[in-house]
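Inspection log for the structure reproduced underneath, given as structure tokens.
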Amino acid sequence: MDSNQLKIFCMVTRQQSFSKAAKLLHMSQPAVSTHVKNLEEFYQGQLFARTPQGVTLTKAGEVFYNYAQKILDLQDEMEQHIETVFKHENNQVVVGASTTIGNVSLPCSIYLFKEQYPEVELCLNIANAEEVLSMVMSDVVDIGVVEGDTESSTLKSLHVTSDELVLIVPPQHPVKDVISLQDFLKHPLIMREDGSGTRKILATALARHGYSVNQLNVITEMKNIYAIKSAVEAGLGGSVMPLLAVRKEAYTGTLKVLRIIDMDMPLIFNIVYPNNRPLTTKAKLFIKFLTNPEESCLC
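Heads up, the sequence shown is in the working numbering, so the first residue is 793 and it goes up one at a time.
Rendered as structure tokens:
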């Protein structure tokens, strides 16, 4: 028994005629009769009473008709629901973003994108770089935007923008513009957590000079960049973070930006996605928007 047989049975019931049902279904009358006969053989009893005037339901046929209608109605409801879900999924792009770019730049970029493409639903998940890469590889998100290079051979990477890591300190800090590496090593620091792209890039820069993160004067660790900036403003210590994240505070003077002498810390932000999974049309559209060299789509 399949849904097609149920539709044929219900049409015969409503028309009270095999020939009329066949005409409406664009089928031959013998084909309609065969489907009904197969149902009756399956249930081992008559579902229709045949008369010269047409057909009427038997008691068993009435029971069958009531359930057949419910099944067909439920099938229609299911198909409509599935269609709605597919439309929603096809218009949705789930983006994973590392802390800095996710909190600072992407919200504005998403706003600008939505102005051009209001039909696309963008969902933003913010985590540290390591967590975002994990979400990308496990298909939790469609694409990720993270700082630093990715080392996975299963991910494709596209450059979005460049930045640098800087040391931020309270505005009353006595040092101006630059600080020596030796002074930086002794400076009280509020650090990002393990797994963050910022910490990884800092560790790489220190290693080039023969030092490690363990040799820094770390007083505490925090995941939230706004909490870190508030702590630095309050004079609890300094912190290393992307210049992108402190442009406003540097401009207003609530934080001071210092660079470490002879220790450049260039930073790149990349879009990443699995190279073995095709992107949706909407995901490709968002990637094109972010990487368009003719527009400043990253705020």
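Virtual Cβ for every residue (Gly too), placed ideally from N, Cα, C.
Since this is a predicted model, take the numbers as computed values, not measurements.
Can you give the Cα-Cα distance for residue i and residue j, rounded to whole angstroms?
{"i": "S897", "j": "F976", "result": "28 Å"}
{"i": "Y1018", "j": "L866", "result": "50 Å"}
{"i": "M1055", "j": "H979", "result": "15 Å"}
{"i": "T946", "j": "Q821", "result": "58 Å"}
{"i": "E833", "j": "H873", "result": "34 Å"}
{"i": "K851", "j": "L839", "result": "8 Å"}
{"i": "A919", "j": "E854", "result": "59 Å"}
{"i": "K815", "j": "A841", "result": "20 Å"}
{"i": "F801", "j": "E875", "result": "26 Å"}
{"i": "D941", "j": "I863", "result": "54 Å"}
{"i": "P910", "j": "L1036", "result": "27 Å"}
{"i": "L981", "j": "F878", "result": "48 Å"}
{"i": "K1015", "j": "R984", "result": "6 Å"}
Along the beta strand (DSSP E) that carries residue i, what are the first and last residues, could you check?
{"i": "M1055", "result": "M1055 -> no beta strand (DSSP E), and no H or E assigned at all."}
{"i": "L904", "result": "Where L904 is concerned, there is no enclosing beta strand (DSSP E), although the alpha helix (DSSP H) it sits in stretches over 898-908."}
Is residue j closer than 8 Å to residue i when the C-beta atoms are compared?
{"i": "L1059", "j": "P1085", "result": "no"}
{"i": "V958", "j": "R1051", "result": "yes"}
{"i": "S901", "j": "L1082", "result": "yes"}
{"i": "L849", "j": "M793", "result": "no"}
{"i": "I1053", "j": "V967", "result": "no"}
{"i": "V1010", "j": "R991", "result": "no"}
{"i": "L951", "j": "N1062", "result": "It is worth fixing the name first, because residue 951 is His in this sequence and not Leu. Their beta carbons are under 8 Å apart, which means H951 touches N1062 by this criterion."}
{"i": "E765", "j": "I993", "result": "For the chain, the structure presents residues 793 to 1091; residue 765 sits outside this window and is missing."}
{"i": "A1042", "j": "G989", "result": "no"}
{"i": "L914", "j": "K906", "result": "yes"}
Among all the DSSP beta bridges, which residues are the ones paired with residue i?
{"i": "G888", "result": "N917, G936"}
{"i": "L959", "result": "V1032, L1050"}
{"i": "R984", "result": "DSSP, once it has assigned bridges, lists no residue as partnering R984."}
Considering residue i, what are the terminal residues of the alpha helix (DSSP H) in which it resides?
{"i": "L973", "result": "973-978"}
{"i": "T1012", "result": "Careful: T1012 lies outside any alpha helix (DSSP H), inside the beta strand (DSSP E) at 1010-1013."}
**Report entry** Stretch-stretch touch, CB-based, cutoff 8 Å, three pairs: the stretch 954-966 with the stretch 1045-1053
**Finding:** Taking 8 Å as the limit for Cβ pairs, the verdict is that the stretch 1045-1053 does touch the stretch 954-966.
Requested in this report: Kindly confirm or deny that the stretch 925-937 and the stretch 880-889 touch, where touching means at least three C-beta pairs closer than 8 Å.
Outcome: The stretch 925-937 is in contact with the stretch 880-889.
Query raised in the report: Does the stretch 946-955 come close enough to the stretch 993-1008 that 3 or more CB-CB pairs lie under 8 Å?
Result: Proximity of the stretch 993-1008 to the stretch 946-955 falls short of the contact definition, fewer than three beta-carbon pairs being nearer than 8 Å.
Query raised in the report: So, do the stretch 929-938 and the stretch 1071-1080 have three or more beta carbon pairs nearer to each other than 8 Å?
Result: Result yes; three or more Cβ-Cβ pairs closer than 8 Å.
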